[in-house]
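Participant: Supplied in structure tokens, the structure appears directly below.
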Amino acid sequence: MSSHIRMDGIKVFEDDANLLHLVMQENRIKNKSEAWRIALQEYRKNRDITQSFFELKEEFTATRNEISELKSTIEDLYFMIQTLSRGQQP
18 MSSHIRMDGI KVFEDDANLL HLVMQENRIK NKSEAWRIAL QEYRKNRDIT QSFFELKEEF
78 TATRNEISEL KSTIEDLYFM IQTLSRGQQP
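In terms of this note's numbering, the sequence shown opens at residue 18 and continues consecutively.
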């Protein structure tokens, strides 16, 4: 059995109590400690998803910038090829 820490005396506001009650209803439990554990596990999952989203967003921005740079390079190369082609025509 895993050890635990007692956290008696936590100040809970009405909105928090309502959310905790929803967790208890959705999971069909009557134990508030279990409801808190479920709520904290959901918070952890959501935090991980949010972190993954921001990492993906950063990767998307970097890829978009790289594509923009490649597009600029292609345009420059196309211009050079056109210039060289005009110079070689009789």
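We put the CB at the ideal spot given by N, CA and C, even for glycine.
Bear in mind the structure is a predicted one, so any value in this text is a computation, not a measurement.
CA-CA distance, L101 and Q68?
Facilitator: 50 Å
Participant: Under 8 Å, with one C-beta from each stretch per pair, do the region 49-63 and the region 32-39 reach the 3-pair mark?
Facilitator: yes
Participant: Hey, quick one: how far does the alpha helix (DSSP H) through N35 stretch, first residue to last?
Facilitator: Counting along the chain, the alpha helix (DSSP H) containing N35 begins and ends at E31 to E43.
Participant: Tell me the rounded alpha-carbon separation between Q99 and F77.
Facilitator: Each residue's alpha carbon lies about 33 Å from the other.
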